[in-house]
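Scroll down for the structure; my scribbles are underneath it.
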Ligand SMILES: NC(=O)c1ccc[n+]([C@@H]2O[C@H](COP(=O)([O-])OP(=O)(O)OC[C@H]3O[C@@H](n4cnc5c(N)ncnc54)[C@H](O)[C@@H]3O)[C@@H](O)[C@H]2O)c1
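Numbering (UniProt numbering), first residue to last: 1 to 336.
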């Protein structure tokens, strides 16, 4: 049982006949940071990654030299501050954890001023050098940085909504782990779909869609929802000024990257929540939304509807939508 659980948490080693020869170059922009370093290590352990390109304005060559000694098949190259274009050459997937993290008392939106321009400039370089790449945005505030990347690519005439993803996997990972603890089950039995966006009230866990989750009611329900929405604050507080979630985020980033690579390689039925350009609430002026998405050879294959939700979840969604709309508009205005 233990071995099975442990195996499930590792990146999938399921290789499809044609994928072993596939060249899948993955770039990490911000590879020298708190998330970037463990994320680079985890991607080095993913057999679906054949080449790893590590870029940061500080320290990426050192991280690359270190990670490159790990005895897995992929090659690793590090790039210094003035080598962004080289780092992006031939990449299939770009993961972006570049930017500043929160300190105690800050919301993710407080990071906007610094991170918006970092993400915009990186997106402009991707548009120029590797316009076909799939872009995975970790930098906060995700609700705004994803529209910023979309707007930047749009301006350059290369935006393909099937290839842009905001990584909300950490919310899913937290919801799954917290629910497992609450009902005393294995996390493999308590997956939770989390929809909406990636900050506070915009994070909407759908516990009613989980057989274990729907048993959690009353005060316990209120508590677990709050913990899923504000779990990031626990880490920011405990780190006491030294940043926000890095290790669990690296795990979540590697997990999502692995899901995308499996989809790109033709595996069927890879479904996970992610923040994408979405038709679900477009009629309310909200054109980015996280819901379950099937990943496939083109990236986004199918956006699943939200499905049946409880009255409590309806309320959470009502609180989510106006805030999410504001966050998206702020991102769009920045690149308008
Ligand atoms: N999506 C999520 O669930 C989630 C979770 C946790 C943190 N985050 C966000 O991830 C980001 C990174 O967090 P961290 O803890 O790794 O921060 P960090 O400060 O430890 O690392 C950030 C790295 O980005 C680099 N950087 C800055 N500007 C750059 C640029 N123009 N090009 C390339 N690299 C650049 C820095 O040199 C640094 O190495 C933050 O915005 C944080 O809020 C997102």
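Glycine is no exception: its CB is placed at the ideal position from the N, C-alpha and C atoms.
Taking 8 Å as the cut-off, the beta carbon of residue 52 is found no closer than this to the beta carbon of residue 251. Following the DSSP letters along the chain, one finds residue 85 inside the alpha helix (DSSP H) bounded by residues 84 to 88. Counted as a single uninterrupted DSSP element, the stretch harbouring residue 169 is not any beta strand (DSSP E) but the alpha helix (DSSP H) occupying residues 169 to 183.
Of the residues assessed, residue 268 falls on the exposed side of the cut-off, its CB having fewer than 16 other CB atoms within 10 angstroms.
In this structure, residue 48 keeps its C-beta atom at 8 Å or more from the C-beta atom of residue 76. Here the distance from the Cβ of residue 28 to the nearest heavy atom of ligand 1 is not below 7 Å. Excluding its 5 nearest sequence neighbours in each direction, residue 124 has C-beta neighbours in its own chain below 6 Å: 152, listed in chain order. In the displayed model, residue 233 falls within a helix according to three-state DSSP. Per DSSP, the continuous alpha helix (DSSP H) segment holding residue 66 begins and ends at 60 to 67. For the set 85, 40 and 154, the Cα lying nearest the Cα of residue 336 is the one of 154. By the neighbour-count criterion, in which a residue is buried when 16 or more other Cβ atoms sit within 10 angstroms of its Cβ, residue 70 is exposed. Residue 102 has its Cβ nearer than 7 Å to a heavy atom of ligand 1.
With respect to the 8 Å criterion, residue 40 and residue 27 are not classified as neighbours on the basis of their beta carbons. Secondary structure within the UniProt domain "Lactate/malate dehydrogenase N-terminal" (24 to 166): the alpha helix (DSSP H) runs of 4 or more consecutive residues, fully enclosed, are 36 to 44, 60 to 67, 84 to 88, 112 to 129 and 142 to 155 (chain order). The beta carbons of residue 272 and residue 169 sit about 7 Å from each other, so the pair counts as a contact at 8 Å. Taking each of 221, 177, 194 and 119 in turn and checking the Cα distance to residue 312, the smallest one comes out for 221. The beta-carbon separation of residue 133 and residue 93, rounded to 6 Å, stays under the 8 Å limit for a contact.
The three-state reading of DSSP puts residue 302 in strand, counting E and B together. When DSSP states are grouped into helix, strand and coil, residue 295 belongs to the strand group. The three-state reading of DSSP puts residue 290 in strand, counting E and B together. In the pairwise beta carbon analysis, the segment 134 to 145 is classified as touching the segment 97 to 117: at least three pairs are separated by under 8 Å. Under a 10 Å Cβ-count criterion, residue 325 is classified as buried, with 16 or more other Cβ atoms of the shown protein chains found around its own Cβ. The continuous alpha helix (DSSP H) containing residue 257 extends over residues 247 to 264.
Distance check between residue 192 and each of 202, 179 and 261 places 179 closest, using alpha-carbon atoms only. Relative to residue 176, the option among 128, 229, 156 and 163 whose CA is nearest is 229. In the structure shown, residue 276 falls within a strand segment according to DSSP collapsed to helix, strand and coil. When distances are taken from the beta-carbon of residue 152 to the heavy atoms of ligand 1, even the shortest one reaches 7 Å or more. When distances are taken from the beta-carbon of residue 241 to the heavy atoms of ligand 1, even the shortest one reaches 7 Å or more.
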